[in-house]
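First up is the structure itself, then whatever we jot down about it.
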Amino acid sequence: MKAGVRVPDVTFKTRVRDESVGGPNPYRWQDMTTADYFAGKRVVLFSLPGAFTPTCSTYQLPGYEKNHARFKELGIDEIYCMSVNDSFVMNAWARDQKLENVKVIPDGSGTFTRLMGMLVAKDNLGFGYRSWRYAAIVNDGVIEAWFEEPGREDNHGEDPYGESSPENVLKYLESVSVETAS
Numbered sequence: 001m002k003a004g005v006r007v008p009d010v011t012f013k014t015r016v017r018d019e020s021v022g023g024p025n026p027y028r029w030q031d032m033t034t035a036d037y038f039a040g041k042r043v044v045l046f047s048l049p050g051a052f053t054p055t056c057s058t059y060q061l062p063g064y065e066k067n068h069a070r071f072k073e074l075g076i077d078e079i080y081c082m083s084v085n086d087s088f089v090m091n092a093w094a095r096d097q098k099l100e101n102v103k104v105i106p107d108g109s110g111t112f113t114r115l116m117g118m119l120v121a122k123d124n125l126g127f128g129y130r131s132w133r134y135a136a137i138v139n140d141g142v143i144e145a146w147f148e149e150p151g152r153e154d155n156h157g158e159d160p161y162g163e164s165s166p167e168n169v170l171k172y173l174e175s176v177s178v179e180t181a182s
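Read in the UniProt record's numbering, the sequence shown has 147 at position 147, and its numbers run on one by one without any break.
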């Protein structure tokens, strides 16, 4: 659906650990751009409704973290998890999940998600606007492959999960790897 489309040019407001700040919360603000994350790299980006939510915390994020080495073998430089959550929440979730390989991207205002056409209302859950669940392989800022959960709509009664799973994205990468080797 979105293959061949360049990802939107956005500046993300992030908090990064910086020991020179001192104190019990040694973080500083750092703007990161789409180019910082995507330029010159082949990455997996997956986006989900919210940090600390059940499917995201039990299956999707841990699955990408666990399969990091396999993604690297298949030519992926980085794996990014994005959510319409602020940097404080995303950093806390990364610590809670004990992430070592997957990097989190806070889309606190939902700007990137909106420009991707994936912002949906989740008022039925008390969430406000969030991302519809999807994954993409992005090569130097251009979408190579797209994996979107079916039924995208505001206030969807379910939270479909399968298309954007690490297993499904790995299956695609393995098939491309076999084609390239032939």
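Just so it is clear, CB atoms sit at the ideal spot from N, CA and C, and this is done for glycine as well.
Item                                                                                                                                              : Value
Determine which residues share a DSSP beta bridge with Trp29 and list them.                                                                       : Arg15
Count the other CB atoms within 10 Å of the CB of Asn67; is the residue buried (16 or more) or exposed (fewer)?                                   : buried
I'd like the list of long-range same chain contacts for Gly110, defined as Cβ closer than 6 Å, with 5 residues on each side in sequence excluded. : Val84, Leu119, Tyr129
Going by DSSP, what residues sit across from Met82 in a beta bridge?                                                                              : Ser47, Ile105
Does the separation of the CB atoms of Thr34 and Ser87 fall below 7 Å?                                                                            : no
Report the partner residues of Asp120 according to the DSSP bridge assignment.                                                                    : Contrary to the premise, residue 120 reads as Val rather than Asp in this sequence. Answer is Arg130.
Considering only their Cβ atoms, is the gap separating Phe147 from Val176 smaller than 7 Å?                                                       : no
If distances are taken between C-alpha atoms only, which option among Pro49, Ser20, Asp36, Asp77 comes closest to Ile137?                         : Asp77
Using only the alpha-carbon positions, how far apart do Phe112 and Glu179 sit?                                                                    : 32 Å
If Cys56 and Gly50 are in contact, beta carbons under 8 Å, what's the gap, nearest whole angstrom?                                                : 7 Å
Once the 5 residues before and after Trp29 are set aside, which same chain residues still bring their CB inside 7 Å of it?                        : Lys13, Arg15
Do you know how far the Cα of Thr11 is from the Cα of Asp31?                                                                                      : 6 Å
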